[in-house]
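The numbering of the sequence shown is numbering that gives the first Met the number 0, which starts it at 0 and goes up by one.
Data first, discussion second: the structure below is written as structure tokens.
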Amino acid sequence: MPSVAFCPCSPLLAAGALVGDVIEMEVVQAEALAAVRRLVDDAPASVVVLGSDAPQAPADERAGGSLAPHGIDVTAGGPDGGLGLAHTLGAWLLDQAGWTGSRAYVHEVHASDLDDAALLVVADGSARRSERAPGHLDDRAEPFDATIAAALADGDADALGGIDLELADSLLCAGARTLRTVGDAVSARLHATEGASVDGAGTADRAGVEARLVLDEAPLGVGWFVAQWRVP
Numbered sequence: 000m001p002s003v004a005f006c007p008c009s010p011l012l013a014a015g016a017l018v019g020d021v022i023e024m025e026v027v028q029a030e031a032l033a034a035v036r037r038l039v040d041d042a043p044a045s046v047v048v049l050g051s052d053a054p055q056a057p058a059d060e061r062a063g064g065s066l067a068p069h070g071i072d073v074t075a076g077g078p079d080g081g082l083g084l085a086h087t088l089g090a091w092l093l094d095q096a097g098w099t100g101s102r103a104y105v106h107e108v109h110a111s112d113l114d115d116a117a118l119l120v121v122a123d124g125s126a127r128r129s130e131r132a133p134g135h136l137d138d139r140a141e142p143f144d145a146t147i148a149a150a151l152a153d154g155d156a157d158a159l160g161g162i163d164l165e166l167a168d169s170l171l172c173a174g175a176r177t178l179r180t181v182g183d184a185v186s187a188r189l190h191a192t193e194g195a196s197v198d199g200a201g202t203a204d205r206a207g208v209e210a211r212l213v214l215d216e217a218p219l220g221v222g223w224f225v226a227q228w229r230v231p
């Protein structure tokens, strides 16, 4: 059963307690690392890191990146460079989780990509959740992010694949297309899978997806989510 982990796309994720008085970042970092450790504990054949970056092809375990352009002295991944922010954060999370196996860095996935690989999704919600946010406050941002959070909590791939991209752009949701491609890939897989069952024990289960939303916060005015899915 393929696993999917969703984590924020903030360079501060790798800084943790170094970020001034923003103690919330320690919690976000801890939950994201725990989610990725659970992802790799399943010993997948490989891990695919999905982000909005368009990586150089092929981008595998030799690819790496740096957060120095964002003021954080952190490098991650392999020696060859070439990774943008989202994929560098994915590489850092995998490094911290002790993953030494095969990796790939992509900006889109399809149902067939879930056959043998675990998926690490690095994406934010709206950047207009408060006055301190990069895009300042927009009253539409909180309900928009709440829809994403509900889809993640319910394992609702159709809802995730139905994110309104025009609204997302106006709310500075850089992760919208990334989240949509996950929803579309999982939906396609589910529609192709016969006999998907509903499991009501402990975790949410919609159309066969076991889902758990671990974190839904916006301490700096940007929507951050940590969630995990198991897809049949």
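Backbone N, C-alpha and C fix where the C-beta goes; we use that ideal spot for every residue, glycine too.
(message) For Ala-117, count the other beta carbons within 10 Å of its own beta carbon; 16 or more makes it buried, fewer makes it exposed. Which is it?
(response) Ala-117 counts as buried, since no fewer than 16 other beta carbons sit within 10 angstroms of its beta carbon.
(message) According to DSSP, simplified to helix, strand and coil, what is Ser-65?
(response) Ser-65: strand per DSSP, three-state reduction.
(request) Indicate whether Gly-64 and Leu-92 have their beta-carbon atoms separated by less than 9 Å. (result) Taking 9 Å as the cut-off, the Cβ atoms of Gly-64 and Leu-92 do not count as close.
(message) So, under 8 Å CB-CB, Asp-144 and Gly-124 are touching, yes? Tell me the CB distance rounded to an integer number of Å.
(response) About 4 Å; that satisfies the 8 Å criterion.
(request) Taking only the alpha-carbon atoms, compute the straight-line gap between Arg-179 and Ala-158 and give it to the nearest angstrom. (result) Using only the alpha carbons, I get a separation of about 9 Å.
(request) In the DSSP assignment, find the alpha helix (DSSP H) that holds Gln-55 and state where it starts and stops. (result) For Gln-55, there is no enclosing alpha helix (DSSP H), since its DSSP letter is neither H nor E.
(request) Determine the contact status of Ser-169 and Asp-137, defining contact as a CB-CB distance below 9 Å. (result) Result yes, Cβ atoms of Ser-169 and Asp-137 sit closer than 9 Å.
(message) List, from N- to C-terminal side, the beta strand (DSSP E) runs of 3 residues or more that fit wholly inside the region 59 to 136.
(response) At a cut-off of 3 residues, the continuous stretches assigned as beta strand (DSSP E) that sit fully inside the region 59 to 136 are 63 to 65, 74 to 76, 101 to 105, 116 to 121.
(request) Output the distance between the C-alpha atoms of Gln-55 and Glu-130, rounded to the nearest integer angstrom. (result) Between the C-alpha atoms of Gln-55 and Glu-130 there is a straight-line separation of about 36 Å.
(request) For Gly-222, count neighbouring C-beta atoms within 10 Å of its own C-beta (all shown protein chains included) and say buried if the count is 16 or more, exposed if not. (result) Classification of Gly-222: buried, given that the 10 Å Cβ count is 16 or more.
(message) To the nearest angstrom, how far is the alpha carbon of Gly-50 from that of Asp-163?
(response) Their Cα atoms are separated by approximately 18 Å.
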